[in-house]
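Trainee:
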Amino acid sequence: MKYDRVYNFSAGPSILPVEVLESVRDNLLNYEGSGMCVMEMSHRSKVFQQIIDDAEANLRDLMGIPENYKVMFIQGGATLQFAMLPMNLMKNGVADYIVTGNWSKKAYNEAKKYGKINLVATSDDRNYSYIPDCSDLPISEDADYVYICENETIHGTTYQQLPNTKGKILVSDQSSMFLSKPCNVSDYGVIYGGVQKNIGPAGMVIVIMREDLIREDLPTYVPTYMSYATHANNGSMYNTPNCWSIYVCGEVFKYLKRIGGLEAMARLNEEKAKILYDFLDQSKMFHGTVDKEFRSLMNVPFVTASKETDAEVVAATKAAGFDNLKGHKSVGGLRASIYNAMPKEGVAALVDFLKKYEEEHYQG
Ligand SMILES: *Cc1c(COP(=O)(O)O)cnc(C)c1O
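Numbering (this note's numbering) for the sequence shown: 22 to 385.
#1: With a threshold of 7 Å on Cβ separation, who are the neighbours of G353 within its own chain once the five nearest residues in sequence on each side are excluded?
#2: With 16 as the cutoff for other CB atoms within 10 Å, does D117 come out buried or exposed?
#3: For T245 and G367, I'd like the C-alpha separation in whole angstroms.
#4: Quick one: any contact between the region 203-222 and the region 288-308, if contact means 3 or more CB pairs under 8 Å?
#5: From the DSSP output, which residues share a beta bridge with E173?
#6: Please give me, in chain order, every unbroken run of the alpha helix (DSSP H) with length at least 4 that falls completely inside the region 30-91.
#7: In chain order, what residues of the same chain lie with their CB nearer than 8 Å to the CB of M62, ignoring the 5 residues before and after it?
#8: Hey, could you find the ends of the beta strand (DSSP E) Y118 is sitting in?
#9: Can you tell me the Cα-Cα spacing of T178 and D208, whole angstroms?
#10: Does ligand 1 have even one heavy atom less than 6 Å from the beta-carbon of A287?
#11: Could you name each continuous beta strand (DSSP E) segment of 3 residues or more that falls completely within the region 280-351, going from the start of the chain to the end?
#12: Going along the chain, which unbroken runs of the beta strand (DSSP E) with 3 or more residues stay wholly within the region 128-173?
#13: Do the region 268-283 and the region 133-148 meet, that is, are 3 or more Cβ pairs less than 8 Å apart?
#14: For L37 and D233, what's the separation of their Cα atoms in angstroms?
#15: For G215, list the residues DSSP reports as bridge partners.
#16: DSSP three-state call for L191: helix, strand or coil?
#17: If the criterion is Cβ atoms closer than 7 Å, does the pair V321 and A370 meet it?
#18: S35: beta carbon under 6 Å from a heavy atom of ligand 1?
Shown next as structure tokens:
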């Protein structure tokens with residue numbers, strides 16, 4: 022492969038488009054005639070203001086974000102949002118959570134510090150291998166919001182249909198599916214995601230929040246930095262932002278527009294996932310761990326009959342130039358994260374390898 026790169030199936034930080042990395046490289050020492058690298062640049066400079074303005078405008082364009090939603094670039098990862106969301110959204114001190122895997126469970130446990138949190142649905146009875154029916158949940162009358170993780174990165178599940186929140190605000194962690202397909206932003210009160218899964222360099226989260234949910238009258242214990250108003254009122258530059266991540270994410274947004282936007286991206290992601298799932302569905306040696314209906318387009322966990330064989334396959338894939346396929350310990354086996362930037366050839370090459378491996382090693 023070009024530049025001796027491997028096919029990188031990491032769940033995060035993860036693969037980025039080669040043409041974005043090339044453009045970053047070409048501009049590394051002198052960004053578009055500014056005479057300096059974006060890493061060296063004042064965030065108060067005109068050049069950087071243009072970078073962040075363009076990034077926001079291109080993201081708005083890609084997702085069709087309505088005018089009455091704010092876009093914020095915030096540090097602290099998706100994990101900080103587990104606390105920031107309840108701190109900011111709780112008026113009644115009540116929220117309903119749907120727990121479908123490690124990430125929504127973490128968010129649920131963190132939120133409990135700040136109010137009365139109801140677990141309205143979970144799939145923990147079968148190790149989070151499906152999404153529960155969310156069409157008629159016992160939504161609390163006084164719930165300030167309903168929370169989901171829309172794509173569980175570790176368990177490899179995704180919602181086919183958003184929950185019926187019975188009029189309550191929906192908050193969604195989209196970290197590992199951000200920009201993987203079109204999204205109707207107005208179905209949500211808040212969409213957020215860490216960028217290192219599907220968009221750019223680690224260390225930043227993008228929060229898309231309906232304006233009327235941003236409050237100035239927060240409890241005094243809420244740190245200034247953890248109030249959304251602080252970020253919204255200061256164009257994400259109350260303090261020094263993650264300039265580098267904003268820049269590279271902005272380049273990825275331009276790239277996505279060039280290839281035809283989120284519809285084109287979704288078509289490609291479906292084709293890629295089909296190659297892998299079709300293989301798993303007919304394989305005698307490798308088995309997907311998720312109920313078919315809820316399989317993620319981005320994170321594909323699968324197992325063999327034993328831990329020993331799993332480990333042997335992981336080692337063999339690595340030796341053959343496919344990296345980061347070891348599954349998370351809570352599912353075991355293997356996991357292929359096939360984010361936006363993974364080329365179709367990468368998935369096809371992995372399937373060819375696994376097919377051959379099965380032919381040579383499977384003993385029934
Ligand atoms: C990775 C991940 C997180 C945590 O992200 P950090 O940036 O490491 O805090 C949260 N939610 C989901 C769905 C993730 O995939």
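In this text, a Cβ means the ideal position worked out from N, Cα and C, and glycines have one as well. Being a predicted model, the structure only gives us computed values, none of them experimental.
Mentor: With the given structure in hand:
#1: For the purposes of this step, residue 353 is taken as the residue at position 332 of the sequence shown. V324, K328 and D331.
#2: Residue mapping note: residue 117 aligns to position 96 of the sequence shown, counting from 1. It is buried - the Cβ of D117 has at least 16 other Cβ atoms within 10 Å.
#3: Looking up residue 245 in the sequence shown gives position 224. Looking up residue 367 in the sequence shown gives position 346. Taking the straight line joining both Cα atoms gives about 44 Å.
#4: no
#5: Residue numbering aside, residue 173 sits at position 152 when the sequence shown is read from its first letter. DSSP, once it has assigned bridges, lists T178 as partnering E173.
#6: 39-47 and 67-84
#7: For the purposes of this step, residue 62 is taken as residue 41 along the sequence shown, with counting starting at 1. Within the same chain, M62 has close Cβ partners Y52, S55, V68, F69 and C264.
#8: Locating residue 118 in the sequence shown gives position 97, where the first residue counts as 1. Y118 -> beta strand (DSSP E) spans V115 to V120.
#9: Locating residue 178 in the sequence shown gives position 157, where the first residue counts as 1. Locating residue 208 in the sequence shown gives position 187, where the first residue counts as 1. If I take the Cα positions, the gap works out to 20 Å.
#10: For this step, residue 287 is matched to residue 266 along the sequence shown. No, ligand 1 has no heavy atom inside 6 Å of this Cβ.
#11: 320-324
#12: 137-143 and 167-170
#13: no
#14: Taking the first residue of the sequence shown as 1, we reach residue 37 at position 16. Taking the first residue of the sequence shown as 1, we reach residue 233 at position 212. Taking the straight line from one Cα to the other gives about 34 Å.
#15: Taking the sequence shown and counting its residues from 1, the one referred to as residue 215 is at position 194. V226, per the DSSP bridge assignment.
#16: Taking the first residue of the sequence shown as 1, we reach residue 191 at position 170. In the structure shown, L191 sits in a strand (DSSP, three-state: E or B).
#17: Along the sequence shown, read from residue 1 onward, the residue named residue 321 stands at position 300. Along the sequence shown, read from residue 1 onward, the residue named residue 370 stands at position 349. Contact: no.
#18: In the sequence shown, residue 35 corresponds to position 14, counting from 1. It does not: the Cβ of S35 is nowhere closer than 6 Å to a heavy atom of ligand 1.
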